[in-house]
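Structure first, commentary second.
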Amino acid sequence: MAHTFRLGLDEGDLERDIDGIQIGAVAECPLCLLAWREILKLRQQGTTKKDFRIHRISFNFNNYYKRSRTFYFRILREYTNGPTHVIANEDVRLGLHPLLGLNLQTAQLAAKYEYPPRTDAESVAKLIESWYLQCTTQHPGCASPVSTYQPPRLVEIQKGGFRLIIPSECGVRGSYATLSHCWGNAPDFLKLTSTNMEQLRQWNPTDRLPQTFQDAVRLCCHLHIKYLWIDSLCILQDGEGSISDWSLHVTEMRVVYSNGVLNIAASRAAASNEGMYTFRNPNFVRPAVIQGNNRFGLSNELHLLVNAEFKEPGATRPPLNERGWVFQERILSRRVVHFEREQVFWECNDSALCETYPAGVNETYGRGETIPLFELPTKHNYKLAAFAGIAQHISREFNDDYFAGMFRSQLPMALHWRALDWHWKQDANQLDEYLLVPQSPPDNVYRCPSWTWAKMDTDRARGAHCLHIVDPDSLSKHYVTIHDVKATPVDSKNLFGNLKSAYIILEGRLLPWVKEHEMPDRIGSLFDGKKEACIDPRELFIIPFFAEFQPTRNPDYYVYFLIVHRPGTEKQERYRRVGTATLFRHLRADTDIEERTKGLSTIDEIFEADVVWRKYLSTVEEKRIFLV
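Counting from 1, one number per residue, gives the positions in the sequence shown under full-length UniProt numbering.
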């Protein structure tokens, strides 16, 4: 059931020491439980830090947060990091929403729901079943397409047993679920090979399967789903025909997942032998209902305390989200049930639900909101393959050509991306260099062209990000146009998979890499990796890419560049992208320019007034630039 308590804090901070928080958590005070949960997380993160300790926690309701109906608490922690003594704050913000609509339904459902210590309890299975039935019968946006599609292979399941079937041979027609799981670093579980296929087509006991697979079978039986698709059992993993079978299934992923009736995501497990289910403290999962207080700009009515971390799946970055294939598995599936570390989440085109908020909350939900939390695959050879299903879907839906992770309609702006896992570092031998933690692939390994995000081995799937979204109030100018682009796949039947080669031809200006004192203003560079940052500057060039001027904000403007490399040993005039750069034209520092730019209405007029930049840009003519 839900916790209910009266908000009795005075205006400003209320401090508690750690012992007081622990005592309150044992007494099931909702705020103390939330605070104690965060303290345990921080303690776990701080085990590698010397002298790590948490001093106190303060709860606050000041005027700023009062207007936004936000309550927050702050944890003060202290530790030693090398020679540095660090004192840091950790803020956790919680929404306060009137107990109306979905918020009221959530409180009512929670009052009847048994919050068990394990997620394999019968009450959890019944809750999932209610979500599943509601979605399949009441959500028009989640309705199954009129399709008779069946995957090339499926696993038929029953209580205690399973077998592999080929639907086209046995005429099977029925709903099937799909399983998303982490294989683990040393996967030694049962997999489909050319030598055991016939044996797996006979009935086998489910105890031959790893624990995660057994748990998925158990859930499907509870939901009366007779068939299950698991990649390691439905795609040949070894033996004769395995390579061509894998290539076939890469192109099939879009329809496999989009036609499945449910995707089961074993999010908490880093390996398939760990299972989907978990122990947890049920008190950490129960929702809290608060009676408001007029002192805080809240009515005396009841309010639901909303923790953003519990609102949507993936917010706690579970292990499954580190597997790149999950990105498309989640997007393409109509509905997903996520088994995470502390509780179960439900996600479909209509709703985002969980055990804490079983009916949802009164906020607009969009499935795209948590997608950036998903990560790129760690195996570099699988990057484009892991994106193929989504790429194929977008290409067909919008009639858009696709090249190495990019769509024609997004070019040339899509070329100006950066990886998000980077840190600042000053280097005495170069300009401002922001060296990336990840590495780009070795020169003797071809994965994709240098100009696509797929070349990066980042840890995070937020892996590549378009650097700039144009402000509608700004004046902008493109310096490059696309003359030609081509990508040649390894498999001519799979235009969305691995590549043999690719190139793009730009029409633009190619300027030699310059030192800071040679530029009209300061330039900052962001290299794609450590290897790229160490290239001889004499072999580097920059391509003016895009400029933006915002007259409503200030008289300054930015020019964005691609940094490209042509090795001294390269006989042909071919270039590779190695980074991006930004030039900031600080016009306010030059009164004469500032006066000349007032009232100008086009970016061309701005540049005409900026004599210094115009002179610099005019040192070279436009030409065709061949990027590989």
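Every residue gets a Cβ at the ideal spot worked out from N, C-alpha and C, and that includes glycine.
ask   = By Cβ distance below 6 Å, which residues in the same chain neighbour residue 189 in space, the five residues on each side in sequence not counted?
value = In the sequence shown, residue 189 corresponds to position 189, counting from 1. The residues are 210, 272.
ask   = Can the beta-carbon of residue 320 be found closer than 8 Å to that of residue 131?
value = For the purposes of this step, residue 320 is taken as the residue at position 320 of the sequence shown. For the purposes of this step, residue 131 is taken as the residue at position 131 of the sequence shown. Their beta carbons are not under 8 Å apart, which means residue 320 does not touch residue 131 by this criterion.
message = For the pair the segment 383-395 and the segment 151-169, tell me if three or more CB-CB distances fall below 8 Å.
response = no
task = Could you check what DSSP says for residue 167 in three-state terms: helix, strand or coil?
result = In the sequence shown, the residue the question calls residue 167 occupies position 167. Collapsing the DSSP output to three states places residue 167 in a helix.
query = Between residue 424 and residue 564, what straight-line distance do the alpha-carbon atoms span, to the nearest angstrom?
reply = In the sequence shown, residue 424 corresponds to position 424, counting from 1. In the sequence shown, residue 564 corresponds to position 564, counting from 1. Its pLDDT being 38, under 50, residue 424 is placed unreliably by the model, and nothing is read from it.
task = Report the three-state DSSP secondary structure of residue 140 (helix, strand or coil).
result = Walking along the sequence shown from the start, residue 140 turns up at place 140. Assignment of residue 140 by DSSP, reduced to helix, strand and coil, places it in the helix class.
query = What is the rounded straight-line gap between the Cα of residue 64 and the Cα of residue 40?
reply = Reading the sequence shown from its first residue, position 64 is the one you call residue 64. Reading the sequence shown from its first residue, position 40 is the one you call residue 40. Legend: pLDDT at residue 64 = 39, less than 50; position of this residue unreliable, no value from coordinates given.
key: Residues bridged to residue 183 [DSSP beta-bridge criterion]   = For this step, residue 183 is matched to residue 183 along the sequence shown. Note: residue 183 sits in no beta bridge, so no partner.
message = Going by DSSP in three states, residue 348 sits in which element: helix, strand or coil?
response = As a first step, residue 348 is located in the sequence shown; it is residue number 348 there, counting from the start. Three-state DSSP puts residue 348 in a strand.
ask   = What are the residues that DSSP puts in a beta bridge with residue 406?
value = Here residue 406 corresponds to residue number 406 of the sequence shown, with the count starting at 1. As DSSP reads the structure, residue 406 sits in a beta bridge with 403.
key: C-alpha distance - residue 333 paired with residue 566, whole-angstrom precision   = Counted from its first residue, the sequence shown places residue 333 at position 333. Counted from its first residue, the sequence shown places residue 566 at position 566. Approximately 43 Å between the Cα atoms of the pair.
message = Does the structure place the segment 491-500 close enough to the segment 244-259 that three or more beta carbon pairs sit under 8 Å?
response = Yes, they touch.
ask   = On the three-state DSSP scale, how would you describe residue 154?
value = As a first step, residue 154 is located in the sequence shown; it is residue number 154 there, counting from the start. Correct three-state label for residue 154: strand.
message = Distance check for residue 501 and residue 203, CA to CA, integer angstroms please.
response = For the purposes of this step, residue 203 is identified with residue 203 of the sequence shown, where counting begins at 1. For the purposes of this step, residue 501 is identified with residue 501 of the sequence shown, where counting begins at 1. Computed Cα separation, rounded: 45 Å.
task = Please classify residue 393: does DSSP put it in a helix, a strand, or coil?
result = By 1-based counting over the sequence shown, the position of residue 393 is 393. Three-state DSSP puts residue 393 in a helix.
inquiry  = For a quick check, are the C-beta atoms of residue 336 and residue 347 less than 8 Å apart?
reply    = For this step, residue 336 is matched to residue 336 along the sequence shown. For this step, residue 347 is matched to residue 347 along the sequence shown. Their beta carbons are under 8 Å apart, which means residue 336 touches residue 347 by this criterion.
Residue span of the alpha helix (DSSP H) that contains residue 213, given as start and end = Counting from 1 along the sequence shown, the entry for residue 213 is found at position 213. Taken as a continuous stretch (DSSP letters only), the alpha helix (DSSP H) holding residue 213 covers 211-222.
key: Same chain only: Cβ atoms within 8 Å of residue 326, ignoring 5 sequence neighbours per side   = The count along the sequence shown starts at 1 and reaches residue 326 at position 326. So the qualifying residues of the chain are 180, 265, 320, 374.
query = Candidates 529, 573, 548: which alpha carbon is nearest residue 541's?
reply = Looking up residue 541 in the sequence shown gives position 541. Ranking the options by Cα distance to residue 541, first place goes to 573.
inquiry  = Going by C-alpha to C-alpha distance, which of 184, 291, 481 sits closest to residue 269?
reply    = Numbered from its first residue, the sequence shown carries residue 269 at position 269. Nearest option by C-alpha distance: 184.
ask   = Thinking just about the alpha-carbon of each residue, which of 98, 233, 128 is nearest to the one in residue 164?
value = Along the sequence shown, one-based indexing puts residue 164 at 164. Taking only the C-alpha atoms, the option nearest residue 164 is 233.
inquiry  = Measuring straight from C-alpha to C-alpha, what distance separates residue 289 and residue 357?
reply    = Taking the first residue of the sequence shown as position 1, residue 289 is located at position 289. Taking the first residue of the sequence shown as position 1, residue 357 is located at position 357. Those two C-alpha atoms are separated by around 11 Å.
Integer Cβ distance of residue 178 from residue 277, believed to fall under 8 Å = As a first step, residue 178 must be located in the sequence shown, where it is residue number 178. As a first step, residue 277 must be located in the sequence shown, where it is residue number 277. Not a contact, Cβ separation roughly 19 Å.
inquiry  = How far does the beta strand (DSSP E) with residue 624 in it extend, from its first residue to its last?
reply    = Position 624 of the sequence shown, counted from the first residue, corresponds to residue 624. Element bounds for residue 624: 623-627.
inquiry  = By the three-class DSSP mapping on this structure, what secondary structure does residue 634 have?
reply    = One cannot answer for residue 634 here, as it falls past the ends of the chain, which runs 1 to 628.
task = Tell me whether residue 517 is buried or exposed, calling it buried when 16 or more other Cβ atoms sit within 10 Å of its Cβ.
result = Taking the sequence shown and counting its residues from 1, the one referred to as residue 517 is at position 517. Because the pLDDT of residue 517 is 45, which lies under 50, any placement of that residue in the model is unreliable, and the number read from its coordinates should be weighed accordingly. Its Cβ having fewer than 16 others within 10 Å, residue 517 is exposed.
task = Determine which residues share a DSSP beta bridge with residue 204 and list them.
result = The sequence position of residue 204 within the sequence shown is 204, counting from 1. In the DSSP output, where bridge partners are listed per residue, residue 204 has 162.
ask   = Does DSSP put residue 131 in a helix, in a strand, or in coil?
value = In the sequence shown, the residue the question calls residue 131 occupies position 131. DSSP places residue 131 within a helical segment (H, G or I) once states are collapsed to three.
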